[in-house]
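**Student:**
Number of protein chains: 2
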Amino acid sequence: MTEAQSPEPEAQRPLSEAIATTVAEVSGLDTDAVSTARQRQDSLTKPRGSLGVLEDISVQLSGLAGSCPPPLPDKATIAVFAADHGVHAQGVTPWPQEVTAQMVGNFLAGGAVINAIAAEVNARVVIIDIGVAAELDDHPMLLAHKVRAGTADMTETAAMSRAEVIQAVETGISVARRLVSDGAQCLVTGDMGIANTTASAALIAVFTGTDPALVTGRGTGIDTATLDTKVEVIRRALALHQPDPGDPIGVLSAVGGLEHAGLTGFLLGAAALRIPVILDGVIAAAAALCAHALAADSVAAMIAGHRSTEPGSQIALQHLGLRALVDLDLRLGEGSGGALALPLVRSAARVLREVASFDSAGVVDKEQHQ
Amino acid sequence: MTEAQSPEPEAQRPLSEAIATTVAEVSGLDTDAVSTARQRQDSLTKPRGSLGVLEDISVQLSGLAGSCPPPLPDKATIAVFAADHGVHAQGVTPWPQEVTAQMVGNFLAGGAVINAIAAEVNARVVIIDIGVAAELDDHPMLLAHKVRAGTADMTETAAMSRAEVIQAVETGISVARRLVSDGAQCLVTGDMGIANTTASAALIAVFTGTDPALVTGRGTGIDTATLDTKVEVIRRALALHQPDPGDPIGVLSAVGGLEHAGLTGFLLGAAALRIPVILDGVIAAAAALCAHALAADSVAAMIAGHRSTEPGSQIALQHLGLRALVDLDLRLGEGSGGALALPLVRSAARVLREVASFDSAGVVDKEQHQ
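Sequences listed follow chains A and B, in order. For the first sequence, position 347 (counting from the first letter as 1) is numbered 347 according to my numbering, and the numbering increases by one without interruption. For the second sequence, position 39 (counting from the first letter as 1) is numbered 1039 according to my numbering, and the numbering increases by one without interruption.
1. Just to check, is the beta-carbon of residue 105(A) closer than 6 Å to a non-hydrogen atom of the ligand NAP?
2. For residue 1140(B), does the count of other Cβ atoms within 10 angstroms reach 16, so buried, or fall short, so exposed?
3. From what residue to what residue does the alpha helix (DSSP H) around residue 1052(B) run?
4. So if I threshold CB-CB distances at 9 Å, which residues from the region 1091–1114 of chain B count as touching chain A?
5. Do you know whose CA, among 218(A), 281(A), 269(A), lies nearest residue 169(A)'s CA?
6. Can a CB atom of chain A be found closer than 7 Å to the CB of residue 1329(B)?
7. How big is the Cα-Cα spacing for residue 4(A) and residue 1079(B)?
8. Take residue 8(A) and list the residues in its own chain whose beta-carbon comes closer than 7 Å to its own, dropping the five residues that flank it on each side.
9. Could you please tell me which residues of the region 37–56 of chain A, in chain order, have their CB closer than 8 Å to any CB of chain B?
10. Short of 7 Å in beta carbon distance, which residues of its chain neighbour residue 1067(B), apart from the five on each side in sequence? Order them along the chain.
11. Could you work out which residues of chain B lie near residue 346(A), taking near to mean beta carbons separated by less than 8 Å?
12. Hey, is residue 3(A)'s beta-carbon within less than 7 Å of any beta-carbon in chain B?
13. Taking three-plus beta-carbon pairs below 8 Å as touching, is the region 220–232 of chain A in contact with the region 80–99 of chain A?
14. With a cut-off of 8 Å, do at least 3 Cβ pairs link the region 38–45 of chain A to the region 252–271 of chain A?
15. Looking at chain B, is there any beta carbon in it that lies within less than 7 Å of the beta carbon of residue 221(A)?
16. Between residue 1353(B) and the rest of its own chain, which residues show a CB-CB distance below 7 Å, the 5 nearest in sequence each way excluded?
17. Can you pull the chain A neighbours of residue 1340(B), defined as C-beta to C-beta under 9 Å?
18. Quick one: which chain B residues come within Cβ less than 8 Å of residue 225(A)?
19. What residues in its chain sit with their C-beta under 8 Å from that of residue 285(A), if we drop five residues either side in the sequence?
20. Spatial neighbours of residue 1144(B) within its chain, please: C-beta separation below 8 Å, excluding the five flanking residues on both sides.
21. Which of the three DSSP states is assigned to residue 1275(B) in this structure?
22. For residue 117(A), would you say it is in contact with chain B, using Cβ-to-Cβ distances shorter than 7 Å as the test?
23. If you count every other CB in all the chains shown that lies within 10 Å of the CB of residue 1063(B), and 16 or more means buried, which is it?
24. So which residues of chain A does residue 1364(B) contact, with C-beta pairs closer than 8 Å?
25. Just to confirm my understanding: we take residue 18(A), look at its own chain, exclude 5 residues before and 5 after, and list those with CB closer than 7 Å. What are they?
26. Can you say whether residue 212(A) is buried or exposed, counting buried as having 16 or more other CB atoms within 10 angstroms of its CB?
27. What three-state label does DSSP hand residue 200(A) in the structure shown?
28. Do you know offhand how far residue 1086(B)'s Cα is from residue 57(A)'s?
29. Roughly how many angstroms separate the alpha carbons of residue 1224(B) and residue 244(A), rounded to a whole number?
30. Among 179(A), 178(A), 147(A), 157(A), which one has its Cα closest to the Cα of residue 165(A)?
31. So, helix, strand or coil for residue 1109(B), using DSSP?
32. Nearest CA to the CA of residue 1281(B): which residue from 1324(B), 1356(B), 1083(B), 1049(B)?
33. By Cβ distance, which residues of its chain are closer than 7 Å to residue 234(A), with the 5 residues on each side in sequence left out?
34. Hey, residue 189(A) and residue 124(A) are a contact pair by Cβ (cut 8 Å); roughly how many whole angstroms apart?
35. For residue 1082(B), decide whether its Cβ has a neighbour in chain A, counting only Cβ atoms nearer than 7 Å.
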């Protein structure tokens, strides 16, 4: 049992051993390394603060690694958690559910956007079947960890059982551990699941205490009537389950998706290993709220890759105190926005590692000069 | 003589043969390739429009190349135009003027931020001495094209003669041509010059018709008293010269910098060769206004790499109809923000080249399904 659990309702609902152990391993940034990194940034041959947000990222990477400069996160892996959603039956999206499995096939064949971007930014892609509602053939890029073949319809019953949530979270933890032991120095979240912006909006509404209408968006591009349906569906589900944000496993069970539960574990695993993890869009932001609810310090490992057009994304990131790196009106998912942020994160680390100081380069420092 | 010149005052002030020839070669996007690229984007296995601004960039790259998909701009060169400014004498910055030459030395030694970022994004860096107020030793990365050893003080006299502007613009054109003949498939603007945000603000004020107080910023980080001085200096220079935005060579002569003139030619050269050119910050944005004034269609080749914290940057980009890709509170220059945008531009091209269509991947298309 961790301290975080004891005063909360969660205390009566023990986490599994694997999750509790991981949560206990999560801690915040190393303050000495943070301080050293800030000082080093200020000694480099550039006006102080002139690299803006990249300076903050470099300091975070140092504090996470506990060393300044931090390691260069050259080897990166994008983990695309794929799952289906029972709430699809409520007409929240015009895309048929079988597109989830079809897109997984597209990822494995190398034909999707995430494959193209991953090739550009030199990252590995793995797909985790954590809940696709179809049988998937074996493939070297596919990690077969199906917990169940899609969630149940959250408007009728809990999306999944607490035991299934725990299994999916444990899967996410073990995926993070495996990818890091395979050599990944940086992880990126990805997701695929038709209707998963509906579950994301429900999770964000619960954890941030925001009205569903304010956190629900058009996802991959729905019309106003479907958007109205989507908000109404979320309202009904929340009214049915009355999820308690102090019980994150219960929230995931009521209105989450299997990929949200898997990503929650993935984020906790990355944080426990002190490996930076770049969040993609609104699905990752929803999972990040779950991870934060289980272990607040897990945010120390998180970097917001991009600002999705989904309104819930920004509300969730604000709640977590994260600023998105890429802001290009993306709303694709798959990990695309997170992957696009990789060169920015690597550049931030590289500046702290490679740039000369005023002293070493023989450049006059304004601050000394004045 | 091009059409653009005939009705303008510029008609009485002929450009050099080299500049006029380049201006005549500049034309807008190929509308057939633009249309093909839009259709192709809509056929790819992703929701239509879900890649936001990257879709627009991919379409621009196609229209510029006159082919869809466009070439992948793997080989990129960052051209850092370095020069000094006579207006430095007016106390517009706390940095001593010799920092320009010292930072050029830092670039050549590989110790600056632009070197670190260029290494990360796999780009070549060249430095062009177009007007540094110091003797610089030969170096393989340095192109020696000094037009004069810094400009004159714009508050007392013209910053440079028209002949010097023309020589600097021609230099920029020839640098673009040389880098492209060396293999560059994409160019990035860079700059180094203590006090060059003052000249940039003056140019932006003239070309956009904006009050100097609204386009002048803190540059590398000046205090409020220095900012007030900077605005007043620009007001005095504009009152003295009364520059005519219809005569861009005259504007550059009155209040520009040698790097602005060089970058103007560089942008025109890239546009004439139909090679994409990524703008860095406010110095590039000011030069882009000059290039636009000489050849409006040159904007077709330009991609705004980032949104600088300098207020003039955003005003200039709006005037040109460009949206910045990276928005991370950067205010360094050197080409840093432009270089950081390279992976985004390459990803945009790669998506159009490599992603499967709904038909080829066997994925159900929502638009067909409905």
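We treat Cβ as the ideally placed atom computed from N, Cα and C, and that holds for glycine.
**Tutor:** To lay it out plainly:
1. Looking for the ligand NAP in the displayed structure turns up nothing, as the structure carries no ligands at all.
2. In the second sequence, the residue the question calls residue 1140(B) occupies position 140. Exposed, because fewer than 16 other Cβ atoms sit within 10 Å of the Cβ of residue 1140(B).
3. Within the second sequence, numbered from 1, the residue matching residue 1052(B) stands at position 52. 1052–1065 is the extent of the alpha helix (DSSP H) around residue 1052(B).
4. Near chain A, meaning a CB-to-CB distance below 9 Å, the residues of the region 1091–1114 of chain B are 1093, 1094, 1095, 1096, 1098, 1099, 1102, 1103, 1105, 1106, 1109, 1110, 1111, 1112, 1113.
5. Working through the first sequence from its first residue, we reach residue 169(A) at position 169. Among 218(A), 281(A), 269(A), the Cα nearest to that of residue 169(A) is on 269(A).
6. Mapped onto the second sequence, residue 1329(B) falls at position 329. It does; some Cβ of chain A falls within 7 Å.
7. Reading the first sequence from its first residue, position 4 is the one you call residue 4(A). Reading the second sequence from its first residue, position 79 is the one you call residue 1079(B). Note that residue 4(A) scores 46 on pLDDT, short of 50, meaning its location in the model is unreliable; the coordinates nonetheless yield the value given after this. Distance between the alpha carbons of residue 4(A) and residue 1079(B) is about 53 Å.
8. For the purposes of this step, residue 8(A) is taken as the residue at position 8 of the first sequence. Any reading at residue 8(A) must be qualified, since the residue scores a pLDDT of 46, below 50, and its modelled position is unreliable; the value itself is stated next. Only 246 meet the Cβ criterion.
9. Cβ contacts with chain B come from 44, 45, 46, 47, 48, 49, 50, 51, 52, 53, 54.
10. The residue you call residue 1067(B) lines up with position 67 of the second sequence. Only 1033 meet the Cβ criterion.
11. By one-based count along the first sequence, residue 346(A) stands at place 346. Chain order gives the chain B residues near residue 346(A) as 1120, where near means a beta carbon separation below 8 Å.
12. Translated into positions along the first sequence, residue 3(A) becomes position 3. Low confidence applies to residue 3(A): its pLDDT is 44, below 50, so where it sits in the model is not reliable enough to give any reading.
13. The region 220–232 of chain A vs the region 80–99 of chain A: in contact.
14. They do not touch, by the three-pair rule.
15. As a first step, residue 221(A) is located in the first sequence; it is residue number 221 there, counting from the start. Residue 221(A) counts as touching chain B.
16. Within the second sequence, numbered from 1, the residue matching residue 1353(B) stands at position 353. Correct list, in chain order: 1069, 1072.
17. Within the second sequence, the letter at position 340 stands for residue 1340(B). Contact note: residue 1340(B) reaches chain A through 54, 343, 344, 347, using a C-beta cutoff of 9 Å and chain order.
18. One-based indexing of the first sequence puts residue 225(A) at position 225. Simply none; closest approach about 12 Å.
19. Stepping through the first sequence from its first residue, residue 285(A) is reached at position 285. Its chain contains 200, 204, 279, 304, 308, 312, 313, 316, 317, 320 as the residues whose beta carbon lies nearer than 8 Å to that of residue 285(A), once the 5 sequence neighbours on both sides are disregarded; these appear in chain order.
20. For the purposes of this step, residue 1144(B) is taken as the residue at position 144 of the second sequence. Within the same chain, residue 1144(B) has close Cβ partners 1129, 1136, 1138.
21. Along the second sequence, one-based indexing puts residue 1275(B) at 275. DSSP places residue 1275(B) in the coil class of the three-state scheme, outside both helix and strand.
22. Along the first sequence, read from residue 1 onward, the residue named residue 117(A) stands at position 117. At a cut-off of 7 Å between beta carbons, residue 117(A) contacts chain B.
23. Within the second sequence, the letter at position 63 stands for residue 1063(B). Its Cβ being crowded by 16 or more others within 10 Å, residue 1063(B) is buried.
24. Locating residue 1364(B) in the second sequence gives position 364, where the first residue counts as 1. Residues of chain A passing the Cβ test: 95, 96, 98, 99, 102.
25. Within the first sequence, the letter at position 18 stands for residue 18(A). Excluding residues within five positions, the ones whose Cβ falls inside 7 Å are 170, 173.
26. On the first sequence, position 212 is the one that residue 212(A) refers to. Under this definition residue 212(A) is a buried residue.
27. Taking the first sequence and counting its residues from 1, the one referred to as residue 200(A) is at position 200. Helix at residue 200(A).
28. Residue numbering aside, residue 1086(B) sits at position 86 when the second sequence is read from its first letter. Residue numbering aside, residue 57(A) sits at position 57 when the first sequence is read from its first letter. Distance between the alpha carbons of residue 1086(B) and residue 57(A): 37 Å.
29. Residue numbering aside, residue 1224(B) sits at position 224 when the second sequence is read from its first letter. Residue numbering aside, residue 244(A) sits at position 244 when the first sequence is read from its first letter. Residue 1224(B) and residue 244(A): Cα-Cα distance of roughly 50 Å.
30. Your numbering for residue 165(A) matches position 165 in the first sequence. Taking only the C-alpha atoms, the option nearest residue 165(A) is 147(A).
31. Working through the second sequence from its first residue, we reach residue 1109(B) at position 109. Looking at residue 1109(B) - three-state DSSP - the assignment turns out to be helix.
32. Position 281 of the second sequence holds residue 1281(B). Residue 1281(B) has its Cα closest to that of 1324(B), out of 1324(B), 1356(B), 1083(B), 1049(B).
33. To locate residue 234(A), count along the first sequence from 1; it is residue 234. Contacts found: 198, 201, 202, 205, 212, 216.
34. To locate residue 189(A), count along the first sequence from 1; it is residue 189. To locate residue 124(A), count along the first sequence from 1; it is residue 124. The pair is not a contact, with the Cβ atoms about 14 Å apart (cut-off 8 Å).
35. Along the second sequence, read from residue 1 onward, the residue named residue 1082(B) stands at position 82. At a cut-off of 7 Å, the C-beta of residue 1082(B) has no neighbouring C-beta in chain A.
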